[in-house]
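In what follows, a single structure is set out as structure tokens and then discussed.
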Amino acid sequence: MDLLQRLDSRRSTPARQLREPGPTPQQLDRLLTAAIRVPDHGKLAPWRLLTIAGDTRAVLGEKLAQIHQRKEPGIADALLVKDRERFTFAPLIVAVIARIDDHHPKVPAQEQLLSAGCVAHNLLLGAQALGFGAQWLTGWAAYDADAAVLFGLGADERIIGFVHIGTPRETAPERNRPELAHIVGELRL
Ligand SMILES: Cc1cc2nc3c(=O)[nH]c(=O)nc-3n(C[C@H](O)[C@H](O)[C@H](O)COP(=O)(O)O)c2cc1C
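In case it helps, this note's numbering puts the sequence shown at residues 114 to 302.
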């Protein structure tokens, strides 16, 4: 499959549909190496990656549920179940962490953030090229200060996404895509 075909066929597989097997250590190394080859104004490498696998996934879910319950004492059980389960479906989750220098003299924060977004997107494409399914999710934990401590984030760091990667239980259905005619224009001056 050539690159354009890969782009045309990219689609997310809902994380709940992902199961073992996940990438082998060699595949993971290959995937991460390709994923960080992104546009990066100023060569700042304003991102880092955290892999979440094995028993850590359930432990993470439990700790997130505890944070959630502490913050919202009356929270519905179903939401806590979701917290506990969220990271247990896919065998591998890669947290993409943007490290933003808000006061960089040349590179605006937006550009640093977008570079991290490219890493996440490359992970989706790379995972699919290796025969896996993947989905980029955030959820409250990506934005929560207590969860940030759990993930060991520095003050200048934020999670821009959790990329869940695994073997799809079934083929994800295609969804409608925006029509070019609706989103493309030509600048005429
Ligand atoms: C930054 C970002 C965060 C996202 N977070 C979520 C999320 O928390 N939950 C969700 O259902 N989809 C989320 N999505 C959307 C999915 O990743 C995915 O794009 C969507 O399921 C549509 O599938 P597609 O990738 O095949 O178009 C997010 C997408 C982006 C770019």
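Glycine included, C-beta positions come from ideal geometry on N, C-alpha and C.
Quantities reported herein were computed from a predicted structural model and do not represent experimental measurements.
Asked: When burial is assigned at 16 or more other CB atoms within 10 Å of the CB, is asparagine 235 buried or exposed?; Found: buried
Asked: Check whether the Cβ atoms of isoleucine 278 and leucine 173 lie closer than 8 Å to each other.; Found: no
Asked: Could you tell me if the beta carbon of glycine 252 falls within a distance shorter than 7 Å of some heavy atom in ligand 1?; Found: yes
Asked: Pick helix, strand or coil for isoleucine 180, following the three-state DSSP scheme.; Found: helix
Asked: Could you pull the start and end residues of the alpha helix (DSSP H) that proline 138 belongs to?; Found: 138-148
Asked: Taking just the CA atoms, how far does alanine 261 sit from glutamine 248?; Found: 21 Å
Asked: Expressed to the nearest angstrom, what Euclidean distance is found between the alpha-carbon atoms of aspartate 196 and histidine 295?; Found: 37 Å
Asked: Check glycine 174 in the structure and name its three-state DSSP category.; Found: helix
Asked: For ligand 1, I want to know if glycine 274 counts as a neighbour, meaning its beta carbon is within less than 7 Å of at least one of the ligand's heavy atoms.; Found: yes
Asked: By Cβ distance below 7 Å, which residues in the same chain neighbour glutamine 140 in space, the five residues on each side in sequence not counted?; Found: Leu243
Asked: Give a yes or no on contact between the segment 115-126 and the segment 222-242, applying the rule of three or more CB pairs nearer than 8 Å.; Found: yes
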